[in-house]
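So for the sequence shown, my numbering puts the first residue at 120; every next one is plus one.
Virtual Cβ for every residue (Gly too), placed ideally from N, Cα, C.
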Amino acid sequence: MDDLDEVLRDGFDEYREFVNPLVFQRASLAGEPLRVTRAEDGRLVDAAGLEVEDLHGTQAFGHRHPAIADALRRFLATDAPSWYPSRVNPFAGRLARRLCERTGAYDNAFLACTGSDAVEAALKLARALTRRPGLVSLEGGYHGCTYGSLSLMQQGYLRDPFEPCVAGARAIPFGDVDALARALAGGDVAAVVVEPIQGEGGVRALPDAFVEALCDLTARHGTLLVADEVQTALGRTGRGFLATAGWPRRPDAVLLAKHLGGGLVPISAMLTRRDLFVRAYGEDFAAGESHNTTMGFNALSAVAALAALDLLTPDLLARVRDEGAWLRAALAERLGGSPLVREVRGEGFMLGVALNAPDHPWLGFEHFGYPGLRERPTIAPLVCHRLYRRGFFAFTCGHDWSVLRLQPRFDIPRERLAALVDAIAEAVAWVEGLL
Ligand SMILES: Cc1ncc(COP(=O)(O)O)c(C=O)c1O
Numbered sequence: 120m121d122d123l124d125e126v127l128r129d130g131f132d133e134y135r136e137f138v139n140p141l142v143f144q145r146a147s148l149a150g151e152p153l154r155v156t157r158a159e160d161g162r163l164v165d166a167a168g169l170e171v172e173d174l175h176g177t178q179a180f181g182h183r184h185p186a187i188a189d190a191l192r193r194f195l196a197t198d199a200p201s202w203y204p205s206r207v208n209p210f211a212g213r214l215a216r217r218l219c220e221r222t223g224a225y226d227n228a229f230l231a232c233t234g235s236d237a238v239e240a241a242l243k244l245a246r247a248l249t250r251r252p253g254l255v256s257l258e259g260g261y262h263g264c265t266y267g268s269l270s271l272m273q274q275g276y277l278r279d280p281f282e283p284c285v286a287g288a289r290a291i292p293f294g295d296v297d298a299l300a301r302a303l304a305g306g307d308v309a310a311v312v313v314e315p316i317q318g319e320g321g322v323r324a325l326p327d328a329f330v331e332a333l334c335d336l337t338a339r340h341g342t343l344l345v346a347d348e349v350q351t352a353l354g355r356t357g358r359g360f361l362a363t364a365g366w367p368r369r370p371d372a373v374l375l376a377k378h379l380g381g382g383l384v385p386i387s388a389m390l391t392r393r394d395l396f397v398r399a400y401g402e403d404f405a406a407g408e409s410h411n412t413t414m415g416f417n418a419l420s421a422v423a424a425l426a427a428l429d430l431l432t433p434d435l436l437a438r439v440r441d442e443g444a445w446l447r448a449a450l451a452e453r454l455g456g457s458p459l460v461r462e463v464r465g466e467g468f469m470l471g472v473a474l475n476a477p478d479h480p481w482l483g484f485e486h487f488g489y490p491g492l493r494e495r496p497t498i499a500p501l502v503c504h505r506l507y508r509r510g511f512f513a514f515t516c517g518h519d520w521s522v523l524r525l526q527p528r529f530d531i532p533r534e535r536l537a538a539l540v541d542a543i544a545e546a547v548a549w550v551e552g553l554l
């Protein structure tokens, strides 16, 4: 490996030069803790010694969880291969079995590297099975940056530059039962893809009435119901292992990624039922090969995912539910009186603070020299900017920049949550003071 100190000194600028200057520039302008050099007790520490709590959600176990790191180390100390030329990888087999058993609803798994890969696998399954063109999603959904997944998203910066998108894909209004019924009535829709709680769409849970209609209508029309649980699964919402476990009908496919690899390796999964796999791919060996990815079935990722599953004990899932409820209530209480705060919402450790965009000429992106972002609210980015200095790396919802997105690690101590509430209250008060 290259010298660590040297990489941590020069690598950030090499990223700007050789990877993506815009990402570097955005992070610098926003004041994000950028030059992070180490992880300690699940948190990050930057070059200036600032300790940072990462609220993105991908690191649900905290950065470099010792149990995940240890599982990887122990695997590397054996002589087992990580990649099998036949693709029949025993570690993938074991992980697939464990994932299916944990859900109690699925008995077939496709493993890949990213959430977008899992979305693609579900779209392919649905089309291969139904031979129909239609792919329906909801406005405000976020599904990834590959062609199938971005085609599920509504018009906007994540999709527009890449048109034309996959034919047959379209987004209907969020939570609109009539629009869903109309979309499915023609019998030409292969799949409906939804997030149980939209993450980037503003932390919006699907209304119960919509979920009921969705389960019923998709069954009646022979359309696959696909739950994109990339953000909501694996304990995040406090509802349990999957956020969809209590739905009237279990989705035909469910997608996992994010902290499936324990935060240290990339891995994703599409879980479905064996009968659907057989109907889609039958006994045709060629079709079986088309459901493939080279590195998805590697042992190193499977080993990390098995260790991550071990960490997801009933106690930890209950902690996320209870501490999430505490955090939501504490935020609602502290922020309730502010004219800038619309609502605190979400479940478990998937929370959002919906803010009112202040109508002030100095607080628009135009004033900051970004006329292209004129239509977007600055409010959540401004609050994030204050939070960085207090050691909290919070985020703005990708599709809705008026919503602060909070996804703490599952073992975050109560004092840190209390400090987060203080920091958000201080940041909101600071913006209020500018008005
Ligand atoms: C709900 C949802 N689906 C899919 C994806 C795509 O995952 P990836 O970025 O790993 O491709 C994301 C990523 O944030 C997501 O939030």
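Paired residues, beta bridge with residue i - DSSP
| i | result |
| --- | --- |
| histidine 182 | Gly161 |
| threonine 391 | Asn227 and Ala372 |
| serine 256 | Ala290 and Val312 |
| glycine 471 | Arg464 and Arg524 |
| phenylalanine 512 | Asp173 |
| valine 345 | Val312 and Ala372 |
| arginine 323 | Gln317 |
Chain-order list of residues whose beta-carbon lies under 6 angstroms from that of residue i (same chain, five-residue window excluded)
| i | result |
| --- | --- |
| valine 313 | Leu257 |
| alanine 364 | none |
| leucine 383 | Ile187 and Ala423 |
| proline 477 | Leu554 |
| leucine 470 | Arg447 and Leu525 |
| isoleucine 386 | Leu379, Gly380, Ser420 and Ala424 |
| serine 268 | Ser235, Val238 and His262 |
| histidine 324 | The question names histidine, yet the displayed sequence has alanine at residue 324. The residues are Ile316. |
Neighbour-count burial assignment, residue i, 16 or more Cβ in a 10 Å radius
| i | result |
| --- | --- |
| glutamine 317 | buried |
| threonine 249 | buried |
| glutamate 466 | buried |
| glutamate 442 | buried |
| proline 326 | exposed |
| valine 207 | exposed |
| histidine 378 | buried |
| arginine 216 | exposed |
| glutamate 348 | buried |
| methionine 389 | buried |
| phenylalanine 137 | exposed |
| asparagine 139 | exposed |
| tyrosine 489 | exposed |
| glycine 168 | exposed |
| arginine 369 | buried |
| serine 409 | exposed |
| proline 252 | exposed |
| proline 527 | buried |
| asparagine 411 | exposed |
| valine 311 | buried |
| valine 126 | exposed |
| methionine 120 | exposed |
Nearest-angstrom beta carbon gap, residue j and residue i [assumed within contact, 8 angstroms]
| i | j | result |
| --- | --- | --- |
| phenylalanine 512 | aspartate 236 | The pair is not a contact, with the Cβ atoms about 26 angstroms apart (cut-off 8 angstroms). |
| alanine 346 | glycine 380 | 20 angstroms between Cβ atoms; not a contact. |
| leucine 450 | isoleucine 531 | Their Cβ separation, rounded to whole angstroms, is 14 angstroms, which puts leucine 450 and isoleucine 531 out of contact at 8 angstroms. |
| tyrosine 225 | valine 373 | 7 angstroms |
| alanine 309 | threonine 342 | 7 angstroms |
| leucine 254 | glycine 287 | 5 angstroms |
| threonine 233 | alanine 376 | 6 angstroms |
| glycine 354 | phenylalanine 529 | 6 angstroms |
| methionine 272 | alanine 290 | 7 angstroms |
Contacts around residue i, its chain only, beta-carbon distance under 7 angstroms, and the 5 residues preceding and following it disregarded
| i | result |
| --- | --- |
| alanine 426 | Ala186, Ile187, Ala190 and Gly381 |
| threonine 462 | Here residue 462 turns out to be glutamate, not threonine, going by the sequence shown. Excluding sequence neighbours, glutamate 462 sits near Ala473. |
| alanine 199 | Ala418 |
| leucine 492 | Phe484 |
| threonine 356 | Ile316, Ala362, Glu466, Gly467 and Met469 |
| threonine 351 | Glu314, Pro315, Ile316, Ala362 and Met469 |
Contacting residues, own chain, Cβ-Cβ under 8 angstroms from residue i (five flanking each side not counted)
| i | result |
| --- | --- |
| glycine 275 | His518 |
| proline 515 | The identity of residue 515 in the sequence shown is threonine, whereas the question assumes proline. So the qualifying residues of the chain are Ala499, Pro500, Cys503, Val522, Leu523 and Arg524. |
| alanine 406 | Ala247, Ala399 and Tyr400 |
| proline 480 | His486 |
| phenylalanine 131 | Phe143, Leu153 and Arg154 |
| valine 397 | none |
Residue i CB to nearest heavy atom of ligand 3 below 7 angstroms
| i | result |
| --- | --- |
| valine 349 | Among the ligands modelled here, namely ligand 1, ligand 3 does not occur. |
(message) My parser needs the alpha helix (DSSP H) runs of 4 or more residues fully inside the region 120-157; what are they?
(response) 123-137 and 140-149
(request) Please list the segments of the beta strand (DSSP E) lying wholly inside the region 398-468, counting only runs of 3 or more residues, in order along the chain. (result) 460-466
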